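Student:
There are 4 protein chains.
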Amino acid sequence: MLEDLKDQVLEANLMLVREGLVRLTWGNVSGVDRESGLFVIKPSGVAYDKLRAEHMVVVSLADGAVVEGDLNPSSDTPTHRVLYQEFPDIGGITHTHSVYATMLSQAGVALPCQGTTHADHFYGTVPVVRELTPEEVAEDYETNTGRAIVECFREQGLKPLEMPAAFQKHHAPFAWGKNALDSVKNAVALEVCSQMALGTWQLNPDANEIPRHILEKHYLRKHGPNAYYGQKKA
Amino acid sequence: MLEDLKDQVLEANLMLVREGLVRLTWGNVSGVDRESGLFVIKPSGVAYDKLRAEHMVVVSLADGAVVEGDLNPSSDTPTHRVLYQEFPDIGGITHTHSVYATMLSQAGVALPCQGTTHADHFYGTVPVVRELTPEEVAEDYETNTGRAIVECFREQGLKPLEMPAAFQKHHAPFAWGKNALDSVKNAVALEVCSQMALGTWQLNPDANEIPRHILEKHYLRKHGPNAYYGQKKA
Amino acid sequence: MLEDLKDQVLEANLMLVREGLVRLTWGNVSGVDRESGLFVIKPSGVAYDKLRAEHMVVVSLADGAVVEGDLNPSSDTPTHRVLYQEFPDIGGITHTHSVYATMLSQAGVALPCQGTTHADHFYGTVPVVRELTPEEVAEDYETNTGRAIVECFREQGLKPLEMPAAFQKHHAPFAWGKNALDSVKNAVALEVCSQMALGTWQLNPDANEIPRHILEKHYLRKHGPNAYYGQKKA
Amino acid sequence: MLEDLKDQVLEANLMLVREGLVRLTWGNVSGVDRESGLFVIKPSGVAYDKLRAEHMVVVSLADGAVVEGDLNPSSDTPTHRVLYQEFPDIGGITHTHSVYATMLSQAGVALPCQGTTHADHFYGTVPVVRELTPEEVAEDYETNTGRAIVECFREQGLKPLEMPAAFQKHHAPFAWGKNALDSVKNAVALEVCSQMALGTWQLNPDANEIPRHILEKHYLRKHGPNAYYGQKKA
Chain X
7 MLEDLKDQVL EANLMLVREG LVRLTWGNVS GVDRESGLFV IKPSGVAYDK LRAEHMVVVS
67 LADGAVVEGD LNPSSDTPTH RVLYQEFPDI GGITHTHSVY ATMLSQAGVA LPCQGTTHAD
127 HFYGTVPVVR ELTPEEVAED YETNTGRAIV ECFREQGLKP LEMPAAFQKH HAPFAWGKNA
187 LDSVKNAVAL EVCSQMALGT WQLNPDANEI PRHILEKHYL RKHGPNAYYG QKKA
Chain U
7 MLEDLKDQVL EANLMLVREG LVRLTWGNVS GVDRESGLFV IKPSGVAYDK LRAEHMVVVS
67 LADGAVVEGD LNPSSDTPTH RVLYQEFPDI GGITHTHSVY ATMLSQAGVA LPCQGTTHAD
127 HFYGTVPVVR ELTPEEVAED YETNTGRAIV ECFREQGLKP LEMPAAFQKH HAPFAWGKNA
187 LDSVKNAVAL EVCSQMALGT WQLNPDANEI PRHILEKHYL RKHGPNAYYG QKKA
Chain B
7 MLEDLKDQVL EANLMLVREG LVRLTWGNVS GVDRESGLFV IKPSGVAYDK LRAEHMVVVS
67 LADGAVVEGD LNPSSDTPTH RVLYQEFPDI GGITHTHSVY ATMLSQAGVA LPCQGTTHAD
127 HFYGTVPVVR ELTPEEVAED YETNTGRAIV ECFREQGLKP LEMPAAFQKH HAPFAWGKNA
187 LDSVKNAVAL EVCSQMALGT WQLNPDANEI PRHILEKHYL RKHGPNAYYG QKKA
Chain P
7 MLEDLKDQVL EANLMLVREG LVRLTWGNVS GVDRESGLFV IKPSGVAYDK LRAEHMVVVS
67 LADGAVVEGD LNPSSDTPTH RVLYQEFPDI GGITHTHSVY ATMLSQAGVA LPCQGTTHAD
127 HFYGTVPVVR ELTPEEVAED YETNTGRAIV ECFREQGLKP LEMPAAFQKH HAPFAWGKNA
187 LDSVKNAVAL EVCSQMALGT WQLNPDANEI PRHILEKHYL RKHGPNAYYG QKKA
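First to last, the protein sequences are chains X, U, B and P.
For any residue, its number in our numbering is found by taking its place in the first sequence, counting from 1, and adding 6.
For any residue, its number in our numbering is found by taking its place in the second sequence, counting from 1, and adding 6.
For any residue, its number in our numbering is found by taking its place in the third sequence, counting from 1, and adding 6.
For any residue, its number in our numbering is found by taking its place in the fourth sequence, counting from 1, and adding 6.
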């Protein structure tokens, strides 16, 4: 069942390790198959060097039930499910505790577009999602984590594929993209831009949003209708 | 004698290197066998790339005597022994001079729970253990190092498995856990949370303890009686 | 066509990865053949681990047309072309978003010669090139990026081989050299000196230009007419 | 000639790379044979991945002449020679531009003993050696670099094997030890302690010298007449 997607999700999870975004088992990537209404996600707490495609867990978008797999899915599975349901354009999700993006999450500091590295991936300021209330934590914590992200995007008028990441306050980043691999690339970009921000602010505490025309140029040359970065897809 | 435990302790020591927690020979891991009253520890000052299971030293909990092994045990062996005697729940101990946790030790700064990465491993603020007096240093230095940790935990009412680490002032961190491997994982978590703290405080000097309901949720979903993180153990 | 140069440019691009100067596909190196009026550059957006010599794209200096190659050249190709045209002494160009040099670019902070590591490569302060106007961004953005660098060097009276790098404001660094490999070495030197500057300024906010006689000594013992660093070239 | 020493010096140079203390060709290690009055040093500007034992250059302590070897010795050879002549107890020397130790050199900040990692290797504050005058730079620069280190140690009453490192102002660190390998270990310790210092001072600007009784304990348990760290040498 969904063997190709399992391979992609495995590969995306392993890329997290190669890119230095996870320590121990602190991270998970999933990918969705919109047609079948199923998504594939890493099992919970399994060491990356032992991870195989057959360990991937298949979960129903409709009710969150495990459809295939012998292992428990990631404990963050309900967060992924809400995001897939509410952000219909996205195809993959990455959650990590990568060091620099987690610093911004813990500090509750949003990441303005300080340069073109950021503009190549995120069309504006990456937001901080509010902390959950005691009630939201007590019941359906992971589902409410996803709902708070969705609420933030609705309130700020953000489009998920234009702003494919958010910092969860006191917690860590979530990133997403057109597919599993793309969500990992956005998680990498977020981590690097977060690291750059620490040094940029050390050097110049007033360094914030770059001029709008540069942000638009870089975002659109890579993601706009006339994008000319990379190779044309057949 | 204790061949399985030697393998585990060797593996845990090598994980220290893979995780970047040691340079040169600055670290050691041990594991205890409560039934026989013996613990197994790395030899002193031996390079990690030459370390084999047969180099591991077996030490008596009762009197600290070397029971098996041709090499001197780690010079920190008396510290490990005190911790095993006074913290009867723990099964493994890790001592390193990992860079970021050592910064907090040197600065004498305790680590509050700034985020869920911390809450997943440490149930509150990781304490700083006081410096030793000239008398405590002059005689039985390594034993007194362990006693100061125990004294700190008694005074602050901390339970060793809920707070599996401490910063020794002017020195470096100690971590422990249910077994040798678990103690290394806690040492990794301490190092990463220490690094995150430096950036978090740079971004927001007021960032300290996260709300209590989030700390409890994360700690308990992983370690509480109804934990649901990871795979059920058979 | 230009098989040796393609091999050199491939090797220089791969060195970027080994030296930790690129993440994902954020970087490109080119090398020029002055005799034929052609330069060889990395294709756009191709993963480094899949890069082969035959993927390299051959571009005409005269008109920027692709002369050989099945893939699109780097989107930064027009910037390279301007630099080759205006800086006739240089033989290779490297563009990266390496973390520390990008921090200085984002902060808009020039890098004074704080020590001999810098003096060994850069004969004075590495400049920040001004941001482009909306008009310059709207049309021929990448060409105008190169023109702004050239304008900066003309205004400051800098010689390209004595100052083989610049920070593009809000963007990232460009470096160049006698050939492709040399441009990568200068990019490495810029990255390391940028990292050193962050710590140097943290320790001593007044640390700036080293005494002129030390700067001259180090630059000239490596690059002057009586240079005695390294091995004599046959 | 001196084949064993060449192997040791090669191995020590390669350890620099493995330990992350050099980029490009910015570092060199030498080892001395006191009996023959010769020392062996890395050739100048040769890439580490191409370095073989037969490339090592043999130099006379008495007059600095190359006694064996087809390549130019490191441009820092005269500095090594002065140190061997003036510090008769040392057997190996390491010079690098390692990032964190170079930050302290550039900032002109001495490194106090902030913790036991430092005390295990350096018996007090690692000094900053003054900058050279224009006259000292103009003639015999590298020899005068060594003389300034020796002058600093005489003025501060430091013993080379108790304080096996120094920061050259505006330049970078030098370290030494009983032999080539030992000098690299001290260079590693200096780099790590320098990195720790940046974080320690960020967390606590008043963190300086640890209590004297802890410094002495750690230094002497490893280097004193009754040292008990490591394995007894046969």
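We treat Cβ as the ideally placed atom computed from N, Cα and C, and that holds for glycine.
Only a predicted model underlies this, so the values are computations on that prediction, with no experimental measurement involved.
#1: In angstroms with no decimal places, state the Cα-to-Cα distance between K228/B and E141/P.
#2: For V143/P, report the span of its alpha helix (DSSP H) as first-last.
#3: What's the C-alpha gap between R160/U and V115/U?
#4: Please confirm if L209/B has its CB atom under 8 Å from at least one CB of chain P.
#5: Determine the direct distance from the alpha carbon of D55/P to that of G236/B, and round the result to whole angstroms.
#6: Note down, in chain order, every chain X residue with its Cβ under 8 Å from the Cβ of L117/B.
#7: In the structure shown, what three-state DSSP assignment does I220/X receive?
#8: Cβ atoms of I99/B and S36/B: under 8 Å apart, would you say?
#9: For the candidate residues G152/U, N78/U and E168/U, whose alpha-carbon lies nearest to that of H224/U?
#10: Taking any Cβ of chain B, which residues in the stretch 7 to 29 of chain X have a Cβ under 8 Å from it, in chain order?
#11: Straight-line CA distance for S80/X to T102/B?
#12: Note down, in chain order, each residue of its chain lying with its Cβ closer than 7 Å to the Cβ of A240/P, except the 5 sequence neighbours on either side.
#13: Taking CB distances under 8 Å as the criterion, tell me whether Y234/B reaches chain D.
#14: Measure the C-alpha to C-alpha separation of D188/B and P217/B and round it to an integer number of angstroms.
#15: What do you reckon, is the C-beta of N210/B under 7 Å from a heavy atom of the ligand FAD?
#16: Would you decide whether A68/U is buried or exposed? Buried here means 16 or more other CB atoms lie within 10 Å of its CB.
#17: State the Cα-Cα distance for the pair L77/U and Q14/P, rounded to the nearest angstrom.
#18: Could you tell me which uninterrupted alpha helix (DSSP H) segments, each at least 4 residues in length, are contained entirely in the stretch 103 to 139 of chain U, listed from first to last along the chain?
#19: Given this structure, state the Cα-to-Cα distance separating Q112/X from T206/U, to the nearest angstrom.
#20: Sort E197/U, D95/U, A71/U and A53/U by Cα distance to A186/U and report the nearest one.
#21: I'd like to know whether the C-beta atoms of N214/P and P118/P end up nearer to each other than 8 Å.
#22: Per DSSP, what kind of secondary structure is N34/U in: helix, strand or coil?
#23: In angstroms, rounded to a whole number, what distance separates the CA positions of A154/U and K165/U?
#24: I'd like to check one pair, E222/P with S104/P: are the Cβ atoms closer than 8 Å?
#25: Quick one, which of V143/X, Q162/X and E148/X has its alpha-carbon nearest V132/X's?
#26: Quick one: what does DSSP say V28/B is sitting in, helix, strand or coil?
#27: Exposed or buried, E234/U, counting other C-beta atoms within 10 Å across all chains shown (16 or more means buried)?
#28: At a CB distance below 8 Å, what residues from the stretch 168 to 200 of chain P approach chain U? Give them in sequence order.
#29: For the stretch 87 to 116 of chain U, which residues have a CB atom closer than 7 Å to at least one CB atom of chain P, in sequence order?
#30: Are the C-beta of M202/B and some C-beta of chain P separated by less than 8 Å?
#31: Three-state secondary structure (DSSP) at S200/X?
#32: Whole-angstrom Cβ separation of T122/U and H177/X, contact assumed at under 8 Å?
#33: So, M21/U versus V190/U, is the Cβ gap smaller than 8 Å?
#34: Helix, strand or coil: how does DSSP classify L44/X here?
#35: Looking only at its own chain, which residues have a Cβ that is under 8 Å from the Cβ of E148/X, when we skip the five neighbours before and after it?
#36: Taking 8 Å as the CB-CB cut-off, is G33/U touching chain X?
Tutor: Judging by the given coordinates:
#1: Counted from its first residue, the third sequence places residue 228/B at position 222. Counted from its first residue, the fourth sequence places residue 141/P at position 135. So the alpha carbons of these two residues sit roughly 19 Å apart.
#2: Taking the fourth sequence and counting its residues from 1, one reaches residue 143/P at position 137. Run containing V143/P: P140 to A144, per the alpha helix (DSSP H) assignment.
#3: Position 154 of the second sequence, counted from the first residue, corresponds to residue 160/U. Position 109 of the second sequence, counted from the first residue, corresponds to residue 115/U. Cα-Cα distance, rounded: 19 Å.
#4: Walking along the third sequence from the start, residue 209/B turns up at place 203. Taking Cβ atoms only, chain P reaches closer than 8 Å to L209/B, which makes this a yes.
#5: One-based indexing of the third sequence puts residue 236/B at position 230. One-based indexing of the fourth sequence puts residue 55/P at position 49. When rounded, the distance between both Cα atoms is 16 Å.
#6: Locating residue 117/B in the third sequence gives position 111, counting from the first residue. Simply none; closest approach about 10 Å.
#7: Along the first sequence, one-based indexing puts residue 220/X at 214. Looking at I220/X - three-state DSSP - the assignment turns out to be helix.
#8: Position 30 of the third sequence, counting from 1, holds the residue named residue 36/B. Position 93 of the third sequence, counting from 1, holds the residue named residue 99/B. For S36/B and I99/B, yes; Cβs fall inside 8 Å.
#9: In the second sequence, residue 224/U corresponds to position 218, counting from 1. Nearest of G152/U, N78/U and E168/U to H224/U, Cα basis: E168/U.
#10: So the list reads E25, given in the order they occur along the chain.
#11: Here residue 80/X is taken as the residue at index 74 of the first sequence, counted from 1. Here residue 102/B is taken as the residue at index 96 of the third sequence, counted from 1. One C-alpha to the other measures close to 36 Å.
#12: On the fourth sequence, residue 240/P is found 234 positions in, with the first residue counted as 1. For A240/P, the predicted structure reports a pLDDT of 45, less than 50, and the residue's modelled location is therefore unreliable. A value from the coordinates is still provided. Around A240/P: no qualifying Cβ.
#13: Among the protein chains of the structure shown, namely X, U, B and P, there is no chain D.
#14: The count along the third sequence starts at 1 and reaches residue 188/B at position 182. The count along the third sequence starts at 1 and reaches residue 217/B at position 211. One C-alpha to the other measures close to 26 Å.
#15: Among the ligands in the structure shown, none appear at all, so the ligand FAD cannot be discussed.
#16: For the purposes of this step, residue 68/U is taken as the residue at position 62 of the second sequence. Exposed, since its Cβ has fewer than 16 Cβ neighbours within 10 Å.
#17: Position 71 of the second sequence, counted from the first residue, corresponds to residue 77/U. Position 8 of the fourth sequence, counted from the first residue, corresponds to residue 14/P. Cα to Cα, the separation comes out at about 25 Å.
#18: 105 to 113 and 122 to 125
#19: Mapped onto the first sequence, residue 112/X falls at position 106. Mapped onto the second sequence, residue 206/U falls at position 200. Looking at the two C-alpha atoms, the distance is approximately 6 Å.
#20: Stepping through the second sequence from its first residue, residue 186/U is reached at position 180. The candidate whose alpha carbon is nearest that of A186/U is D95/U.
#21: Mapped onto the fourth sequence, residue 214/P falls at position 208. Mapped onto the fourth sequence, residue 118/P falls at position 112. The answer is yes: Cβ separation under 8 Å.
#22: Within the second sequence, residue 34/U is the residue found at index 28, counting from 1. Of the three classes helix, strand and coil, the one that applies to N34/U here is strand, per DSSP.
#23: Within the second sequence, residue 154/U is the residue found at index 148, counting from 1. Within the second sequence, residue 165/U is the residue found at index 159, counting from 1. A154/U and K165/U: Cα-Cα distance of roughly 15 Å.
#24: By 1-based counting over the fourth sequence, the position of residue 104/P is 98. By 1-based counting over the fourth sequence, the position of residue 222/P is 216. For S104/P and E222/P, no; Cβs fall outside 8 Å.
#25: The residue you call residue 132/X lines up with position 126 of the first sequence. Of the candidates V143/X, Q162/X and E148/X, the one whose C-alpha sits nearest the C-alpha of V132/X is Q162/X.
#26: One-based indexing of the third sequence puts residue 28/B at position 22. It is coil, neither helix nor strand.
#27: On the second sequence, position 228 is the one that residue 234/U refers to. Reading the sequence as shown, one finds Tyr at residue 234/U and not Glu. Result: exposed.
#28: K191, V194, A195 and V198
#29: H103, V105, Y106, T108, M109, L110, S111, Q112, A113, G114 and V115
#30: Within the third sequence, residue 202/B is the residue found at index 196, counting from 1. Taking 8 Å as the CB threshold, M202/B lines the interface with chain P.
#31: Walking along the first sequence from the start, residue 200/X turns up at place 194. Helix, per DSSP.
#32: As a first step, residue 122/U is located in the second sequence; it is residue number 116 there, counting from the start. As a first step, residue 177/X is located in the first sequence; it is residue number 171 there, counting from the start. Right, their Cβ atoms sit about 5 Å apart.
#33: Working through the second sequence from its first residue, we reach residue 21/U at position 15. Working through the second sequence from its first residue, we reach residue 190/U at position 184. Taking 8 Å as the Cβ cut-off, M21/U and V190/U qualify as a contacting pair.
#34: In the first sequence, counting from the first residue as 1, residue 44/X sits at position 38. Strand, per DSSP.
#35: Indexing the first sequence from 1 puts residue 148/X at position 142. Hits under 8 Å: S81, D82, T83, P84 and T85.
#36: Against the second sequence, residue 33/U aligns to sequence position 27. No, G33/U lies away from the interface with chain X (no Cβ there is under 8 Å from its Cβ).
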